[in-house]
Amino acid sequence: MSTSILVNEGKYNLMKGVYGDLVAGTSIKLALIDNSVGPVTAATTYTNISGKIVPGSVVTLLSKSIASNTNVLLAPPTITGVASGITVKGYIIYFDNGSLPATLIGYTDNGTGLPFTTNGGNITITFSGSGIFRSLMD
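Following our numbering, the numbering of the sequence shown begins with 1326 at its first residue and continues without gaps.
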């Protein structure tokens, strides 16, 4: 069963403004998640899922902008340096500025090409043209 979800931890912190300005300075990251991850629900937290992050797959999301429909648009991130032979089930988007505890915003294992096995080459994630939150809800 495919899952795309904005988790409670992320929704709560977005509404409270914990992440600050999403366009200027906020450190939103993406990480690939391996195939050993169990079910992800609205109650899943970063702590629950962080042990499933594929080594070498964390990237900071850049070129953020807010669309007129209040969604966040991002340049497609390219991940380099992931070893070959790892089965990737999906990816997480999370906040991590290095001083506050990292918090999960969303997770998806629903998208073109998911799951896949790494081959040592670059991996580019392309989000919905409607923005990352739309990608997490498709």
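Glycine included, C-beta positions come from ideal geometry on N, C-alpha and C.
These numbers come from a predicted model, not from an experiment.
Legend entry - Inter-residue Cα distance where the pair is A1405 and A1367: Per the sequence presented here, residue 1405 reads as Thr, with Ala not at that position. If I take the Cα positions, the gap works out to 29 Å.
Legend entry - Bounding residues of the alpha helix (DSSP H) (the contiguous stretch that carries T1372): 1371 to 1374
Legend entry - Range covered by the beta strand (DSSP E) that runs through G1431: 1428 to 1433
Inset, instruction - Determine, using beta-carbon pairs with one atom in the stretch 1334 to 1348 and one in the stretch 1415 to 1426, whether at least three such pairs fall under 8 Å. - result: yes
Legend entry - Cβ pair V1379, L1355 closer than 9 Å: no
Inset, instruction - Return the bridge partner residues of F1441 from the DSSP annotation. - result: V1413
Inset, instruction - Going by DSSP, name the residue or residues bridged to T1449. - result: T1403
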